[in-house]
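For what it's worth, our numbering labels the leading residue of the sequence shown as 20, then goes sequentially. Below: the structure, in C-alpha cells.
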Amino acid sequence: METIITYFETIPSSHRSLILVGGLTFFWLLEGGIPLFKFKYKKWRHALPNLFFTLTTIIINFALAVLLLWSSDWVTVNNFGIINWLPQMPLWLYVLVGVVLLDFFGAYLAHYVEHRIKPLWMVHLVHHTDHSVDTTTGNRHHPIESLIRFGFTLFGVFAVGTPIALVMIYQALSLIFTQLTHANIKMPKGLDKALSYVIVSPDMHKIHHHYRLPYTDSNFGNIFSIWDRMLGTYRYMDREKLIYGVDVFPDEVKNGNIKELLKQPFQKYEKSTLSADEN
C-alpha cells in the first residue's frame, strides 16, 4: 500500500493520460464484442462531440490542478478534515475511507445537486442528451459543468482532508468507473446486480440515463453504490426497457452537434415531471 501511495503522490501526467486513453480504448473494443444495445450509429461520428467535451474537461482540470495540490498540502500540514480527525487506522483503511468520502463530495453530492437546482440541471443536460450511451459518454460534460464538478472535488479535499496521493487515487478510479459504467457492454445480470451492492455497476448507472423520471433522478453514484442505497436514491429497472436521452430535448441531430450542445444550458424549458410509469 505504501508503494501505491508513493506512486500516486507523484504520478506523471503521461500516466494519467494513459489511464484515460487506455480505458477508452479497452471499453471501446469491449463494446464491439459484448454490446448491450446494437446502436444504429456511426460510432466515430457519435464519439466526436463526446471526445470534444472530454478534451475541454481535461484542459479545465489541468489548468486548475494547482488548486488541488495546494489544498491537499494545506489540509495535510494543518491536520484538517474528517479523516485527520478520526482515530488512527491501518493505511489501507485510511485510503478506503478517504476515497469513499471523496466519492460522496466529488461525485454523488455534485451530481445530486445538479439534478435539484435548475440552472445546474440545464448545464448537466448536455451529459443526458446522448441518445446512444457508450464509454465516450462518460466525460460528455459542458465546460461549465467541468468547473462545477471541480469545485465540488476541491470542497471534498478540504472536508475530507485528503493528501494529494488519495486525490489522485480517487480521480484515477473515478475515471475508470466513468468509462465502465457508461460503456455499452452486456454484463450477466446476476453479476451486475451483485456488484451493484458495493460499486456502481454498468446497469445501475444506465438506469440514471433513462429518458424520464423518476429514473433520471436516481443512481447518482460514481464509484460506490453505498451513497445511493443509504440516502434513498437507488432505483432498479430492467435494462431492456431503457431509453436514453431526455424527454424535453428529443432532437437527436441537435443533441449530437457541438455548437448546439454548447448553447443547450441557456435554452428555456420546463423540466418534465412525467413519470416513466405514466406511459
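Built from N, CA and C at the ideal position, the CB exists for glycine as well.
Based on DSSP bridge pairs, tell me the residues matched to residue i.
{"i": "P221", "result": "DSSP output for P221 lists no bridge partner at all."}
{"i": "I204", "result": "P54"}
{"i": "I263", "result": "One detail in the question is off: residue 263 reads as Tyr in this sequence, not Ile. According to DSSP, Y263 bridges with H229."}
Whose C-beta lies closer than 7 Å to the C-beta of residue i among residues of the same chain, with five residues either side of it excluded?
{"i": "S33", "result": "none"}
{"i": "T197", "result": "G157, N158, N241"}
{"i": "F71", "result": "I277"}
{"i": "S91", "result": "V176, T181, P182, I183, V186"}
{"i": "D296", "result": "In this prediction, D296 has a pLDDT of 45, which is less than 50 and means its spatial position is unreliable; nothing more can be read from the coordinates."}
{"i": "I101", "result": "L120, A178, V179, G180"}
{"i": "W47", "result": "T154"}
{"i": "A66", "result": "T155"}
Pick helix, strand or coil for residue i, following the three-state DSSP scheme.
{"i": "H308", "result": "Outside the displayed span of the chain (20 to 298) sits residue 308, for which this structure offers no information."}
{"i": "W272", "result": "For the sequence presented, residue 272 should be read as Val rather than Trp. V272 falls in the coil class under three-state DSSP."}
{"i": "Y127", "result": "helix"}
{"i": "F239", "result": "coil"}
{"i": "Y234", "result": "coil"}
{"i": "A295", "result": "Confidence in A295 is poor, its pLDDT being 43 and thus under 50, which makes the residue's placement unreliable; the coordinate value appears in the next sentence. Looking at A295 - three-state DSSP - the assignment turns out to be helix."}
{"i": "R254", "result": "coil"}
{"i": "S151", "result": "coil"}
{"i": "F99", "result": "coil"}
Along the alpha helix (DSSP H) that carries residue i, what are the first and last residues, could you check?
{"i": "A66", "result": "62-96"}
{"i": "S215", "result": "No alpha helix (DSSP H) contains S215, which DSSP labels as neither H nor E."}
{"i": "T22", "result": "21-28"}
{"i": "S165", "result": "162-179"}
{"i": "D247", "result": "245-250"}
{"i": "H14", "result": "No information on residue 14 is available, as it lies outside the stretch 20 to 298 that the chain covers here."}
{"i": "D122", "result": "110-122"}
{"i": "L281", "result": "277-282"}
{"i": "R158", "result": "Per the sequence shown, the amino acid found at residue 158 is Asn instead of Arg. First-last for N158: undefined, no H or E at that position."}
Using a Cβ-Cβ cut-off of 6 Å (strictly less than) and excluding sequence neighbours within five positions of residue i, which residues of its own chain qualify?
{"i": "W111", "result": "M20"}
{"i": "M187", "result": "F27, I30"}
{"i": "Y168", "result": "The question names Tyr, yet the displayed sequence has Arg at residue 168. If we look at R168 and ignore the five residues flanking it on each side, its Cβ neighbours are A129."}
{"i": "S151", "result": "F58, Y60, H65"}
Under 8 Å Cβ to Cβ from residue i, same chain only, skipping five residues before and after it: list those, please.
{"i": "D236", "result": "H134, T252"}
{"i": "S215", "result": "D222, M223, S244"}
Cβ of residue i less than 8 Å from any chain C Cβ?
{"i": "P138", "result": "Looking at the structure shown, chain C is missing, and only one protein chain is on hand."}
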